[in-house]
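Asker:
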Amino acid sequence: MSRLPKIPWYEITSESTYLNRRQLMVGAGAALSLAALAACGMEAPAAPAAAPSEAAAADASPTATPDTREPMASATADELGDPLNSFEQITNYNNFYEFSTDKEAVARVAKDFPISPWTVTVGGLVDNPGTYDMDDIRGMFDIEERIYRLRCVEAWSMVIPWQGFPLGKLLAAAGPKSEAKYVRFKTLHDPVLMPGQTSTWYSWPYTEGLRMDEAMNDLAILSTGLYGKDLLPQSGAPLRLVVPWKYGFKSIKSIVSIDLVAEQPSSLWMDAAPNEYGFYANVNPDVNHPRWSQASERRIGESGRRETLPFNGYAEQVAGLYDGMDLSKNF
Ligand code: MTE
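Numbers given in this note's numbering equal positions in the sequence shown, counted from 1, plus 361.
1. Does the contact criterion of 3 or more C-beta pairs under 8 Å hold for the segment 650-666 versus the segment 577-594?
2. Run through DSSP, which three-state label would Ile498 get?
3. With a threshold of 7 Å between beta-carbons, can Asn649 be considered close to chain C, or not?
4. Let me check understanding here. Comparing Cα to Cα, which of Tyr638, Val617, Met555, Asn691 lies closest to Tyr458?
5. Would you mind reading off the limits of the beta strand (DSSP E) that contains Ile613?
6. Rounded to the nearest angstrom, what separates Pro527 and Gly589 at their Cα positions?
7. For Ala434, which residues of its own chain have a beta-carbon under 6 Å away from its beta-carbon, when the five flanking residues on both sides are left out?
8. Would Leu486 and Lys538 be called neighbours here (beta carbons separated by less than 7 Å)?
9. For the segment 615-624 against the segment 544-553, do three or more pairs of beta-carbon atoms, one drawn from each stretch, fall closer than 8 Å, so that the two count as touching?
10. From the DSSP output, which residues share a beta bridge with Asp591?
11. In angstroms with no decimal places, state the Cα-to-Cα distance between Asn455 and Arg469.
12. Can you tell me the Cα-Cα spacing of Val604 and Ile498, whole angstroms?
13. With a Cβ-Cβ cutoff of 7 Å, do Ser584 and Gly536 count as a contact?
14. Are the Cβ atoms of Phe692 and Gly609 separated by less than 7 Å?
15. CA-CA distance, Ala598 and Pro552?
16. Would you say the beta carbon of Lys607 is closer than 6 Å to some non-hydrogen atom of the ligand MTE?
17. Please state whether DSSP places Asn673 in a helix, a strand or coil.
18. Provide the residue span of the beta strand (DSSP E) that contains Gly570, from first to last.
19. Which whole-angstrom value is the C-beta distance of Pro671 and Asn645, which I expect to be below 8 Å?
20. Going by C-alpha distance, which of Ala676, Ala581, Ala642 is nearest Glu505?
And the structure:
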């Protein structure tokens, strides 16, 4: 928390450059085809996931209002670094098993999920436990923009302009006790509102965890929005975790509780397939998933594959957290 992360300029965008950046992305987005959008190589990891069909992919219908402003003629994708994915891509290709295992169906199934009022409980080993209304949480911290790569364990990836605030700020305000070693997050558990939770394959609610030092790293944020708009249900509204150096499944959506605990918590995916999904889940091209390679990834909207980077390209900021650890064993 004490030092500013040294990350490339294109990954953290100031408020003032956001609009210009956005205009450029609109131009880039126009060139993307729906066929490319559907060209994700890997299907959902553990046992019972339904694979998105070609037909469903062809039917994917973006819902956002098209932005008709002209792109800036002088800027190129190279100057941007990694081009952003479009709002349409980010909000129409989602993993959110509480609603559907079909990535293209999540937005439709989650459309009416009620995200207000919403409370988040912060508790466990803290001096100041509390239950906060989402509106209060939004006002408690400065909302920053963070442009991060998201690398799914299924070997697809996107670049997303999030709005949010460092998780560490919320944890510091809660006053961690010295015995607090881990943070445990939970998603809402309501099988009526989240029909996927009627599936008996998984140990609902979706649970995830971080070690305290990981949680306090400035790159770990709680997101409230993307592309300057409040999160939509399919993206994890109203509050989700974003941990860009870890596989996407660590970035738990629609959080209702955050507890500081002494023992390493389990997670939905660790419970579902412990040989495939570990606690750390740091993006690591050298450690393959038991059923596929993690050496490369398909960036949604691009043809071909990109090399996967250690820690998803954030090694400079976070590799030190794992000094002395064998990351092939602590996967
Ligand atoms: N959080 C919950 N509660 N339920 C989920 O199914 N899926 C995870 C993660 N967070 C998931 C979740 C996975 S596997 C990924 S890759 C990311 O959300 C996807 O985030 P996105 O849909 O915003 O791209």
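Note that CB positions come from ideal geometry on N, CA and C, so glycine has one too.
Answerer: With the structure as the only source:
1. no
2. helix
3. Here chain C cannot be found, since the structure has a single protein chain.
4. Met555
5. Counting along the chain, Ile613 falls outside any beta strand (DSSP E), and DSSP gives it neither H nor E.
6. 17 Å
7. Confidence is the limiting factor: at Ala434 the pLDDT is only 30, short of 50, which leaves the residue's position unreliable, though a coordinate-based value still follows. Within the same chain, Ala434 has no close Cβ partners at all.
8. yes
9. yes
10. Gly586
11. 11 Å
12. 19 Å
13. no
14. no
15. 17 Å
16. no
17. helix
18. 568-572
19. 6 Å
20. Ala581
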